[in-house]
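Numbering (our numbering), first residue to last: 1 to 130.
Reviewing the structure listed below.
Put into structure tokens, the structure is as follows:
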């Protein structure tokens, strides 16, 4: 069961990475859709390529998180797998808490509920490594 959950978590991370990669085609509109235009504007003010670089960096992070899920499942070998999974779990637990806070600060949002659902699934999938 644990191996299956790790595979599901890895697939989710790869889908998230692909989604971020696709966002590069209409990045400004995606920042607006997620209601984070001020972040885009701030990054763009520094350098016009910076929002794209940050998004590509996120693609890399999500891809690595997926690869570490495969490593924890025993499909590939990466160094420091247990530490990486604990780090991923910690970061996503913090993101989950931030999402709950955002629901109270910004008000109810189906988009945030969707994000929290995906984060919850990832936390469950990566929770029981040995």
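For every residue, glycine included, the Cβ atom is placed at its ideal position computed from N, Cα and C.
Candidates the options, of which the one nearest residue i by Cα
i           : options         : result
residue 13  : 67, 47, 83      : 67
residue 87  : 62, 107, 7, 102 : 62
residue 21  : 65, 59, 114, 90 : 59
residue 82  : 31, 18, 37, 126 : 126
residue 122 : 91, 23, 78      : 91
6 Å Cβ shell around residue i - same chain, five flanking residues per side excluded
i           : result
residue 133 : Past the edges of the chain, shown from 1 to 130, lies residue 133, and the structure says nothing about it.
residue 138 : The question about residue 138 has no answer here: the residues shown for the chain are numbered 1 through 130.
Classification of residue i by the beta-carbon crowding that lies within 10 angstroms, buried from 16 upward
i          : result
residue 46 : exposed
residue 4  : exposed
residue 73 : buried
residue 6  : buried
residue 31 : buried
residue 71 : buried
Local conformation of residue i per DSSP, three classes
i           : result
residue 127 : coil
residue 34  : coil
residue 19  : helix
residue 75  : coil
residue 110 : helix
N- and C-terminal bounds of the alpha helix (DSSP H) containing residue i
i          : result
residue 89 : 81–106
residue 25 : Element bounds for residue 25: n/a, residue is neither H nor E.
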